[in-house]
Amino acid sequence: MGHQPAHEPKALSASGTATPASLEAGRLLFAAESKFSTAAGGPDSIPRPTLPEIAFAGRSNVGKSSLINALVGRTSLVRVSRTPGRTQQINFFELGGRMMLVDLPGYGFAKAPKQVVAAWNALVETYLRGRTTLQRTILLIDGRHGIKDSDRITMSMLDMSAVQYQLVLTKADKVGVKALADVLAAAGNEAARHPAAHPDIMAVSAWNGDGLPELRATLAALAQPLSEKRP
Ligand code: GDP
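Going by this note's numbering, the sequence shown opens with residue 798, and the numbers climb by one from there.
See the structure below:
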């Protein structure tokens, strides 16, 4: 007992793994046109899978809308600062005909009625189940606070979805270097205990752009190759 996971988590901002070519591939993909594709308000309206998908999940207010907007270099592709918990739908955004960015509804807001939590579970579990095109789920964690219990519930759910997920810490601009290193290390240790969690943890800021080129590079490696782009 008390045995630590054998592998050392690579708690980096991922700059250690990105190459100039992968950064350029990320820049290119996210410079392409992004547009709203469709929304699913319930399990029955989830669209049929087409392009490779990246899903973004996180607690309400974690900075998910701001991050997606910052990644695509737009201010309002996704609406920021909605009333927490009001929007229980999945939004699909197409990126350059090569990838679908999937904005899952936020969770963990205070005093959520039981029906809201149940609706969230039904919608998200239906989406995750057997989604053949889903390449990875990006699970956003507030960099100021680290992993919370509601994130742990989501991690357990994602462990069962058979698709890899990756933790990304948000609002890095609000966290000092030492505190961020501590949160990265703690998150890396915890991720190492989850079978479906990617060992690399990234830290980003939608506000000052830190970590965005590296995250774009990571996601571009999962997109439809340029040569297979649909017309
Ligand atoms: P969502 O509910 O997860 O979509 O979160 P939002 O994108 O609406 O952001 C929630 C709040 O966090 C807003 O007040 C944002 O301005 C703020 N926020 C988002 N991203 C960042 C960031 O990178 N740094 C800082 N300091 N604040 C952020």
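Using N, Cα and C, we set each Cβ at its ideal position, and we do this for glycine too. Keep in mind that this is a model prediction, so the values were computed, not measured.
{"Check": "In angstroms, rounded to a whole number, what distance separates the CA positions of Ala815 and Thr1015?", "Outcome": "8 angstroms"}
{"Check": "Span of the alpha helix (DSSP H) holding Thr814?", "Outcome": "Element bounds for Thr814: n/a, residue is neither H nor E."}
{"Check": "Exposed or buried, which one is Asp997 when buried takes at least 16 other CB atoms within 10 Å?", "Outcome": "buried"}
{"Check": "Note down, in chain order, each residue of its chain lying with its Cβ closer than 8 angstroms to the Cβ of Arg1013, except the 5 sequence neighbours on either side.", "Outcome": "Leu820, Gly823, Arg824, Leu826, Phe827 and Leu868"}
{"Check": "Secondary structure at Arg1013, three-state DSSP: helix, strand or coil?", "Outcome": "helix"}
{"Check": "So, are the CB atoms of Ala993 and Asp956 less than 7 angstroms apart?", "Outcome": "yes"}
{"Check": "Would you kindly check if the distance between the Cβ of Pro840 and the Cβ of Thr1083 is under 7 angstroms?", "Outcome": "Nothing about residue 1083 can be read from this structure; the chain reaches only from 798 to 1028."}
{"Check": "If I'm right that Val1001 touches Val965 with Cβ under 8 angstroms, what's the distance once you round it to whole angstroms?", "Outcome": "6 angstroms"}
{"Check": "Roughly how far, in whole angstroms, is the beta-carbon of Leu936 from the beta-carbon of Tyr962, given that I think they are within contact range, below 8 angstroms?", "Outcome": "5 angstroms"}
{"Check": "What is the DSSP secondary structure of Gly855, reduced to helix, strand or coil?", "Outcome": "strand"}
{"Check": "Between the C-alpha atoms of Gly940 and Ile865, what's the straight-line distance to the nearest angstrom?", "Outcome": "16 angstroms"}
{"Check": "Inspect the beta-carbon positions of Gln885 and Ala854 and report whether they are closer than 7 angstroms.", "Outcome": "no"}
{"Check": "Between the segment 843–858 and the segment 891–910, do three or more beta carbon pairs fall short of 8 angstroms?", "Outcome": "yes"}
{"Check": "Between which residues of its own chain and Gly893 is the CB-CB distance below 7 angstroms, once the five residues before and five after are set aside?", "Outcome": "Leu826, Ala829 and Glu830"}
{"Check": "Is Trp917 near the ligand GDP, in the sense that its beta carbon is under 6 angstroms from a heavy atom of that ligand?", "Outcome": "no"}
{"Check": "Here's a check: name, in chain order, each residue in its chain whose Cβ is nearer than 6 angstroms to the Cβ of Thr930, leaving out the five neighbours to either side.", "Outcome": "Pro846, Pro849 and Glu850"}
{"Check": "Considering only residues of the same chain and omitting the five flanking positions on each side of Asp1007, which have a CB-CB separation below 8 angstroms?", "Outcome": "Ser810, Ala969, Asp970, Ala1000 and Val1001"}
{"Check": "Ignore the nearest five residues each way along the sequence and tell me which others in Gln932's own chain have a CB closer than 7 angstroms to its CB.", "Outcome": "Pro849, Glu850, Ile851 and Leu1019"}
{"Check": "Apart from the five residues just before and just after Leu977, which ones in its own chain have a Cβ nearer than 8 angstroms to its Cβ?", "Outcome": "Gly940, Leu966, Ala969 and Ala1000"}
{"Check": "Taking the beta carbon of Gly973 as the centre, do at least 16 other beta carbons fall within 10 Å, making it buried, or is it exposed?", "Outcome": "exposed"}
{"Check": "What does DSSP give as the partner residues of Tyr904 in its beta bridges?", "Outcome": "Arg856"}
{"Check": "What residue from Pro844, Gly870 and Lys861 has the CA that sits closest to Pro1010's CA?", "Outcome": "Gly870"}
{"Check": "Taking 6 angstroms as the line, does the beta carbon of Gly860 fall inside it for any heavy atom of the ligand FMN?", "Outcome": "Although the ligand FMN was asked about, the structure shown includes only the ligand GDP as ligands."}
{"Check": "Relative to the alpha-carbon of Ala984, which residue among Ile887, Asp948 and Ala1017 has its alpha-carbon at the smallest distance?", "Outcome": "Asp948"}
{"Check": "Quick check on the DSSP output: the alpha helix (DSSP H) that includes Gln886 runs from which residue to which?", "Outcome": "Run containing Gln886: none; DSSP gives neither H nor E here."}
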